[in-house]
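Have a look at the structure below before the remarks.
Dropping the structure here:
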């Protein structure tokens with residue numbers, strides 16, 4: 059089989075199964091694993107897939123800048139934001155990640171009781187400028203402009219001093235085996251540290267983020283307290299996450 063034919067077959071398997079196992083393809087084709095691994099390396103360099111140990115996963119969609127992301131899945135994000143905001147209770151301390159979905163949480167937060175919001179995103183803090191009952195703590199650091207969040211040692215140090223009751227985490231990709239991921243190494247480290255400091259962590263998920271991988275790992279899927287998902291995600295898509303014993307909250311619940 060020619061190289062171009064093998065690569066086409068690999069893409070077909072990736073579309074069909076959501077993953078590629080190098081050993082399985084090598085056995086099926088009667089080839090060495092080195093040959094398949096070389097194909098996967100080349101395909102990863104061509105941005106056709108994401109290499110992982112033992113095989114490959116679909117690439118997460120290329121992440122546009124913050125302003126452009128506002129227009130991606132806006133209805134689902136509004137629904138997720140409204141649902142997640144109802145999880146906030148009086149007197150609790152909430153950490154809101156940066157992102158367009160968590161911005162919707164900020165817009166929907168209750169206005170009839172007091173609570174504290176911590177964020178490392180000036181955009182999220184701005185959403186709460188006129189909130190009547192929320193105390194807002196803004197974490198500083200080096201601004202990662204692509205996501206409009208603070209990163210770096212100063213941010214890590216400040217986050218170490220807080221113990222949020224609940225963290226609403228944003229990711230660019232989620233996979234039942236390879237966990238939660240994002241596109242930037244420093245941003246992944248910040249997200250991981252916030253989760254470690256928080257009593258509960260909930261990840262906000264839209265359809266395009268499922269069963270994919272971004273370059274930088276954040277946490278295993280089992281490390282979160284639950285996934286919050288829109289009602290248009292099929293039960294078949296959620297089955298692997300339920301099998302991993304991850305609590306799933308949908309906006310139809």
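Numbering (the working numbering), first residue to last: 59 to 311.
Every residue, glycine too, gets a C-beta built ideally from N, C-alpha and C.
Predicted model only: the values in this text are computed from it and were never measured.
**OP:** Would you tell me roughly how many angstroms separate the C-alpha atoms of residue 207 and residue 84, rounded to the nearest one?
**Re:** 43 Å
Original post:
Using 8 Å as the Cβ pair cut-off and three pairs as the minimum, do the stretch 152-159 and the stretch 174-181 touch?
Top reply: yes
Original post:
Out of curiosity, what's the CA-to-CA distance linking residue 72 and residue 116?
Top reply: 7 Å
Subject >> Sequence-distant residues of its chain with Cβ nearer than 6 Å to residue 320 (five each side left out) >> reply: Summary: the structure shown does not reach residue 320, with the chain confined to residues 59 through 311, and so no result is reported for it.
Original post:
Name the DSSP bridge partner or partners of residue 72?
Top reply: Residue 72 is not bridged to any residue.
Subject >> Through-space distance from residue 146 to residue 270, alpha-carbon basis >> reply: 29 Å
**OP:** Could you spell out the range, first to last residue, of the beta strand (DSSP E) harbouring residue 34?
**Re:** Absent from the model: residue 34. The displayed extent of the chain is 59 to 311, so no value can be given.
**OP:** Kindly indicate the opening and closing residues of the beta strand (DSSP E) around residue 275.
**Re:** 274-277
Original post:
Hey, residue 210 and residue 199 are a contact pair by Cβ (cut 8 Å); roughly how many whole angstroms apart?
Top reply: 4 Å
**OP:** Sort out for me which residues DSSP pairs residue 233 with in a bridge.
**Re:** 237.
Subject >> For residue 192, three-class secondary structure by DSSP >> reply: strand
Original post:
Residues bridged to residue 174 by DSSP?
Top reply: Beta-bridge analysis with DSSP links residue 174 to 151 and 193.
Subject >> Outcome for residue 162 when other beta-carbon atoms lying within 10 angstroms are tallied against a minimum of 16 >> reply: buried
Original post:
Are there 16 or more other CB atoms within 10 angstroms of the CB of residue 297, so buried, or fewer, so exposed?
Top reply: The C-beta of residue 297 has fewer than 16 other C-beta atoms within 10 Å across all chains shown, which makes the residue exposed.
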